[in-house]
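*Asks:*
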Amino acid sequence: MNRTSVDSSLAKDVRAMNVAAQELADLNAAHQDLAEVIAKYKANVGTEPVDAAPAAPEPTKPRRARKPTK
């Protein structure tokens, strides 16, 4: 429960409770809509994404070590 729904429950504000319940129902519906997309993603795990950025090139010479501080 979010803070709005808890506050409205404690205040016995029926209208606010209904609004909060609708928000939670909308959130639940949005989550259900993503279930199919997530399943497809999990099925394709291990495949290279289309817009993957190339790996950074290796430096040509190693970096110098820092001088010790006094």
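Following the numbering used here, the numbering of the sequence shown begins with 9 at its first residue and continues without gaps.
The C-beta atom is built at its ideal place from N, Cα and C for all residues, glycine as well.
This structure is a prediction, so every number in the text was calculated from the model and none was measured.
1) Output needed for Asn-52: all residues of its chain with C-beta closer than 6 Å, excluding positions within five of it in sequence on either side, in chain order.
2) Whole angstroms are fine: how far does the CA of Arg-71 sit from the CA of Lys-50?
3) Buried or exposed: Ala-28, going by 16 or more other Cβ atoms within 10 Å of its Cβ?
*Replies:* The answer reads as follows:
1) none
2) 40 Å
3) With 16 or more Cβ atoms within 10 Å of its Cβ, Ala-28 is classed as buried.
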